[in-house]
Each structure stands twice: as C-alpha cells, then as structure tokens.
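This note's numbering applies: residue 54 is where the sequence shown begins, and numbers increase by one.
The C-beta atom is built at its ideal place from N, Cα and C for all residues, glycine as well.
Given the structure is predicted, the values throughout are model-derived calculations rather than measurements.
Everything on this sheet refers to the single structure shown next.
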Amino acid sequence: MSASVSAQGRPDAAPEVRHIVMLSGGKDSTALALYLREKKPETDFEYLFCDTHKELPETYEYLARIEARLGRPVVRLASRHGERGFDHFLKIYGGFLPSPQARWCTRLLKIEPFERYVGDDPTRLYVGLRADERRSGYISTKENIEAVFPFKDDGIDKADVMRILERSGVGLPAYYEWRSRSGCYFCFFQQKGEWVRLRERHPDLFQLAKGYEKEDEGYTWAQEESLSELESPERQAQILERERIRKERLAARRRPKTLAQAYGFEDPDEEEGPACLICHL
Numbered sequence: 054m055s056a057s058v059s060a061q062g063r064p065d066a067a068p069e070v071r072h073i074v075m076l077s078g079g080k081d082s083t084a085l086a087l088y089l090r091e092k093k094p095e096t097d098f099e100y101l102f103c104d105t106h107k108e109l110p111e112t113y114e115y116l117a118r119i120e121a122r123l124g125r126p127v128v129r130l131a132s133r134h135g136e137r138g139f140d141h142f143l144k145i146y147g148g149f150l151p152s153p154q155a156r157w158c159t160r161l162l163k164i165e166p167f168e169r170y171v172g173d174d175p176t177r178l179y180v181g182l183r184a185d186e187r188r189s190g191y192i193s194t195k196e197n198i199e200a201v202f203p204f205k206d207d208g209i210d211k212a213d214v215m216r217i218l219e220r221s222g223v224g225l226p227a228y229y230e231w232r233s234r235s236g237c238y239f240c241f242f243q244q245k246g247e248w249v250r251l252r253e254r255h256p257d258l259f260q261l262a263k264g265y266e267k268e269d270e271g272y273t274w275a276q277e278e279s280l281s282e283l284e285s286p287e288r289q290a291q292i293l294e295r296e297r298i299r300k301e302r303l304a305a306r307r308r309p310k311t312l313a314q315a316y317g318f319e320d321p322d323e324e325e326g327p328a329c330l331i332c333h334l
C-alpha cells in the first residue's frame with residue numbers, strides 16, 4: 054500500500070498493519086493465540102470474539118481463562134460495538150432458521166461484524182487451520198485483509214495444539230466433555246447426540262432452541278426431525294445407543310496414535326465436518 058501525501062506535500066507514513074487473532078472459543082484458535090504470543094512477543098495482537106448472544110456459558114468461561122493467560126482483553130464485538138445479535142436478524146429473515154444450505158448467521162454475525170470492525174485498515178487475520186487439515190479458511194474479499202495460516206506454515210498439527218493448550222494451563226473448554234464444536238448452543242451442525250446432551254446439561258437452552266422451531270412451516274434445526282420429536286425418551290435412547298455403537302466400532306478399528314486421538318477427536322465427522330471455520334476453529 055503506497056503512502057499518502059500530506060497537505061504540505063510530504064509523504065505520510067503508510068498505515069500501520071493491524072494483527073488480529075479471531076477467537077471462536079474453540080481449541081485451535083485458542084492454541085493459535087497462545088502460540089503467536091510466545092513466538093511473536095513484539096507483535097501487538099488484537100484478540101477478537103464475535104458474540105452472537107447465543108453462546109454456551111462454557112464459552113464465556115473459557116474466554117475469561119484465555120484473557121487471564123494472555124494478559125490482554127478479548128474484544129467481544131457485539132457487546133462492545135453495537136453489533137446486532139441473532140434474534141435481530143432472525144426477525145429480518147421472517148423466522149427462517151439458518152442451515153447448512155443457508156448460513157446467513159455466519160455472514161451476518163461473524164464475517165460482516167469483523168470486516169466493519171477492521172474497516173479499511175491494512176490487517177493480517179491469523180487463522181488457526183492446522184497443518185493436518187484439508188479445509189480452506191476464511192478469506193475476505195476485502196483487499197486490505199490478508200489471511201495468514203501460521204499452523205500450516207509451521208507444521209503444527211492436532212497433537213501439537215493439544216500440547217500448547219496443556220502447557221499453557223488453559224486446557225480445553227468444558228463443553229468438549231459433551232460437544233465437539235464451539236458455536237451457538239443451537240448450532241445446526243450439532244450431532245444428534247450433542248442435542249441430547251444439550252438437553253441434559255442445559256435444559257433451559259434446549260427449551261429456548263426448541264422455541265425457535267416452527268414445525269408446521271418446516272423451520273427446524275435438523276431437517277429430518279424437530280427437537281420436540283428428538284426429546285422423546287425413546288428417540289433419545291436410540292440416538293445415544295447408535296452413538297455408543299459407532300464409537301465402539303471406531304475404537305476397535307484403531308488405537309489412539311496421537312494425543313489428540315486419545316482426547317477423543319478420532320472421528321473426522323465429529324470435529325472436521327463442513328462447519329464454518331470462522332465459528333468453529
């Protein structure tokens with residue numbers, strides 16, 4: 054980017070590049086923030102979290118732990134910068150729930166708030182895609198935003214991420230005890246077993262999620278069944294039994310070879326599905 058010219062005809066200095074780590078509340082973006090702080094202590098990183106107003110309590114608790122370890126605040130974009138939350142945009146969409154085919158939530162609650170926050174400043178966005186992943190990361194269409202992938206560049210894989218988190222003392226977010234992703238409590242990418250455990254762990258949030266559905270109009274979080282159908286005791290038992298059988302088959306096929314697999318991330322479908330990276334890293 055070329056320097057501008059002052060009123061006196063002297064060239065002004067080029068705008069300073071902003072360095073932003075987007076945190077999702079997940080393990081990879083957290084490990085990236087810790088990794089970069091240690092690797093580049095001279096860099097003035099900004100830590101950003103796009104708050105949908107529909108996050109799990111465990112996510113907010115994890116963000117507080119991250120802040121304590123980094124010694125820097127994590128900017129909650131929605132709550133501090135007037136960004137609208139999920140309910141505002143749901144009204145605009147006439148109650149049409151987001152889905153894998155219509156991910157308006159990611160665009161309106163994550164990408165656009167971030168790009169407004171950055172404005173026209175030259176920015177490097179650090180993305181936590183690992184060296185052992187085949188996914189592609191968020192790439193902004195704005196020319197002033199450059200996405201960089203330190204883990205891919207430095208050969209950091211899932212086992213390395215786990216070591217970074219353990220060594221830092223931050224560890225994993227508590228929701229990994231029952232859920233494989235970060236994101237909203239009603240994320241449509243949740244597996245059926247995770248919906249069942251949401252009902253067990255946070256029955257109030259499950260009821261709120263169920264309240265968004267309009268079964269008569271076909272507006273449900275899962276296309277093939279509503280949460281009212283899913284919460285029947287018989288259906289819950291069926292879901293959990295199928296999950297148990299699937300995990301036993303996976304365990305029988307291979308023994309854990311890495312620390313990450315030992316932590317239960319051995320199933321690509323559980324953690325590496327088609328979810329939006331800016332939400333789930």
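Check this for me: beta carbons of residue i and residue j, under 9 Å apart or not?
i       : j       : result
Arg-125 : Ala-131 : no
Asp-97  : Phe-204 : no
Leu-162 : Phe-149 : no
Ala-184 : Asp-207 : yes
Glu-284 : Lys-267 : no
Leu-123 : Gly-78  : no
Leu-101 : Val-127 : yes
Pro-166 : Phe-241 : no
Arg-234 : Cys-332 : yes
Tyr-113 : Ile-217 : no
Glu-71  : Glu-95  : According to the sequence displayed, residue 71 carries Arg and not Glu. No, the Cβ-Cβ distance between Arg-71 and Glu-95 is not below 9 Å.
Val-41  : Lys-195 : The structure shown does not extend to residue 41, since the chain is modelled only from 54 through 334, so no value can be given for it.
Arg-232 : Leu-251 : yes
Leu-258 : Val-180 : no
Leu-182 : Phe-202 : yes
Gln-244 : Glu-168 : no
List the whole-angstrom C-beta distance separating residue i from residue j, where the pair is believed to meet the contact cut-off of C-beta under 8 Å.
i       : j       : result
Ile-73  : Leu-178 : 5 Å
Gly-246 : Ile-292 : 6 Å
Tyr-238 : His-255 : 7 Å
Val-249 : Gln-289 : 5 Å
Lys-139 : Thr-176 : A small correction: the amino acid at residue 139 is Phe; Lys does not occupy that position in the sequence shown. Not confirmed; about 25 Å, so no contact.
The alpha helix (DSSP H) spanning residue i covers which residue range?
i       : result
Ile-209 : That residue, Ile-209, is in no alpha helix (DSSP H); it is neither H nor E in DSSP.
Val-171 : 165-171
Tyr-228 : Note, Tyr-228: premise wrong, no alpha helix (DSSP H); not H, not E.
Where does residue i sit, in a helix, a strand or coil, going by DSSP?
i       : result
Val-201 : strand
Tyr-265 : helix
Thr-159 : helix
Glu-136 : coil
Arg-71  : strand
Arg-216 : helix
Leu-150 : coil
Cys-332 : helix
Arg-177 : strand
Gly-326 : With a pLDDT of 47 at Gly-326, under the threshold of 50, the modelled position of this residue cannot be trusted, and the question is left open.
Beta strand (DSSP E) containing residue i: first to last residue?
i       : result
Ile-145 : Not the beta strand (DSSP E): Ile-145 falls in the alpha helix (DSSP H), residues 139-145.
Arg-250 : Here Arg-250 belongs to no beta strand (DSSP E); instead the alpha helix (DSSP H) covers 245-254.
Leu-101 : 98-102
Arg-118 : That residue, Arg-118, is in no beta strand (DSSP E); its alpha helix (DSSP H) goes 110-123.
Arg-90  : Arg-90 -> not in any beta strand (DSSP E); alpha helix (DSSP H) instead, spanning 80-92.
Val-128 : 127-129
When you compare the CB of residue i with every CB in chain C, is at least one pair closer than 9 Å?
i       : result
Phe-139 : In the displayed structure, chain C is absent; only one protein chain is listed.
Report the residue ranges of all alpha helix (DSSP H) runs contained in full by the region 269-301; include only those spanning at least 4 residues, in chain order.
Counting whole runs of 4 or more residues, the region 269-301 contains the alpha helix (DSSP H) stretches 280-283.
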